[in-house]
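Report on one structure; see the data block that follows.
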Amino acid sequence: MLDLKFVRNNLDVVRESLKNRNSKLDVEEFNELDGRRRELVQEVEVLKAERNTTSADIAKIKREGGNADGIIARMGELAGKIKALDEDLKDIEVAEHDWLVSVPNIPDESVPVGASEDDNPVIRVWGEKPVLDFEPREHWDLAVELGGVDFERAAKLTGARFAVLRKWGARLERALTSLMVDIQTMEHGYIEIIPPYIVNRDSLYGTGQLPKFAEDLFKLENSEYFLIPTAEVPLTNLHRDEILDESELSVAYCAPTPCFRSEAGSYGKDTKGLIRQHQFHKVEMVRFAHPDKSFEELELMTSHAEEILKRLNIHYRVITICTGDIGFGAKKTYDLEVWLPGQDKYREISSCSNCGDFQARRANIKFKPKDSKKAQYVHTLNGSGLAVGRTFVAVVENYQQKDGTILIPDALKPYMGGLEVIKPE
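The numbering used here puts the first residue of the sequence shown at 169, with every later residue one more than the last.
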């Protein structure tokens, strides 16, 4: 959430940000609400001043033994008017707050202006596209044929956009998760967390999923609980309504969790395979940073995500997300896109974002500078390190062989119980 005073004093900046984000929010709506709020505050102050004067007059008349009935009646009128205006003021403030929480973060000046994902510039590339002397197959055909994934039984159990992983498929998913967690915790210093997979409204409000993106969530019936769409939600909210010491920063957490998304706006997209599922696993990274160092930490966290792909020796590229494609709460975002030979395209496998104080303001997460009595909002960052299912896809498609087998990357062999080649059953 943006700072209310900042919005009031920088309407042109907010207007330009909304324009660059292709947002339909109208700054004039806020301006009118805020103007009306100021008018009401002034009216209430005038009436309260009159009430105070009238109250003093009543006391004086009574001390002098006079009749104050007329003035007392006026006091009643003032009280009624003040109450009515206070109710109007409360309604205006609620409307103003509702508008404010629907406003996305303001992208950093370094974020390129663009209309859509087509305008996201590539900033670096690692590795080379694999040169194959055969026609590569898509992961959903190859993994099913080799007995590692069963989409039909998943559809029977639940429905579309679910998968059953079995035998080598289940082991590969577990191996990838373990590799990611081991690297992030043992080498990069993240604290491993196993959070609840169910959260309340306050948690989702804090990270920005509510109220704007309610349709993307799975809500538990007859409750105010939701399945997590990402571990970003519980990890960030670990410090909701807390004040950290400056010496604690930065704080870094990672969590391997299932994630649950309704994919409400994805009808017809990626209907085959593991790319877009209602349930998938992800190793999430979250950092709480000093405001002066958050962009430095964004670069660091992005490198931590990249390290997984380097260990797996899989070609990828890093792009900067433009203003028309950047997420609701982000000031700046890098996406890692992995090359999938079977699909002959790059696909997102990680998204790393600096949210500035946007989430911290919503979740009331602060730190106390050592040389100041006043607490300040921390900056929060989040990123995938990595999306496990999409990394599964990348391994299957990049390590497939001409004979229909799949090689196990060297980095995963210690986690695969000696298995080096996935062969037909």
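Glycine included, C-beta positions come from ideal geometry on N, C-alpha and C.
Beta-bridge partners assigned by DSSP to W267: none are found.
Scanning its chain for C-beta atoms nearer than 8 Å, with the 5 sequence neighbours on each side dropped, one finds around I274 the residues L170, V181, V182, S185, K499, in chain order. For K534, the enclosing beta strand (DSSP E) stretches over residues 533-536.
Segment contact: the stretch 539-550 against the stretch 294-310, fewer than three CB-CB distances shorter than 8 Å; contact not assigned. The residue among G585, A579, I590 with its C-alpha nearest the C-alpha of I351 is A579. Using a Cβ distance threshold of 9 Å, T470 and V451 do not count as a contacting pair. Inter-residue distance for A528 and G374 is about 7 Å (C-alpha atoms, whole angstroms). When the five nearest sequence neighbours on each side are left out, the beta carbons in the same chain lying within less than 8 Å of the beta carbon of R189 are those of P272, P275, T491, G492, I494, in order along the chain. Within the same chain, D503, E505 come within 6 Å of E516 by CB-CB distance, once the 5 residues on both sides are set aside. Within the same chain, E360 come within 6 Å of T353 by CB-CB distance, once the 5 residues on both sides are set aside. The residue from M348, A328, P364 with its alpha-carbon nearest to that of Y358 is M348. For N220, the uninterrupted alpha helix (DSSP H) run begins and ends at 195-231, by DSSP. Excluding the 5 residues flanking it on each side, S519 has same chain C-beta neighbours closer than 7 Å at T501, D503, G551, S552, in chain order. In the assembly as shown, P402 is a buried residue. Its beta-carbon has 16 or more other beta-carbons within 10 Å. Rounded to the nearest angstrom, the gap between the Cα atoms of L442 and V281 is 32 Å.
Within the same chain, Cβ atoms closer than 6 Å to the Cβ of K387 are found at F394, the five residues on either side in sequence being excluded. Under the three-state reduction of DSSP output, V563 falls in the helix class.
Under a 10 Å Cβ-count criterion, Q445 is classified as buried, with 16 or more other Cβ atoms of the shown protein chains found around its own Cβ. Beta-bridge analysis with DSSP links G497 to no other residue. Contact fails between the stretch 230-239 and the stretch 282-298, because fewer than three Cβ pairs, one in each stretch, are under 8 Å apart.
Note on D512: under 16 other CB atoms within 10 angstroms of its CB, so exposed under the neighbour-count rule. As the crow flies, the alpha-carbon of D370 is around 44 Å from that of K297. For N481, no alpha helix (DSSP H) segment is defined, and its DSSP state is neither H nor E. Beta-bridge annotation (DSSP): N368 is paired with Y393.
Taking all protein chains shown into account, S521 has 16 or more neighbouring C-beta atoms within 10 Å of its C-beta and is therefore buried. When the beta-carbon positions are compared, G316 and A343 stay at least 9 Å from each other. Among the bridge pairs identified by DSSP, D409 is matched with none. Contiguous beta strand (DSSP E) elements confined to the stretch 231-297 occur at 290-294, taking only those with 3 or more residues.
Per DSSP, reduced to three states, the secondary structure at R515 is strand. Around the C-beta of R558, 16 or more other C-beta atoms lie within 10 Å, and the residue is accordingly described as buried. At a Cβ-Cβ threshold of 9 Å, L215 and A263 do not count as neighbours.
Restricting attention to D571, L554, T573, A531, the CA atom closest to the CA of L378 is found in A531. Distance from the Cα of T398 is smallest, within the candidate group E392, F448, S391, D438, for F448. Across the structure, G295 and W507 are spaced so that their CA atoms are roughly 10 Å apart. DSSP, read as helix, strand or coil, puts Q544 in strand. For E452, the enclosing beta strand (DSSP E) begins and ends at 447-457.
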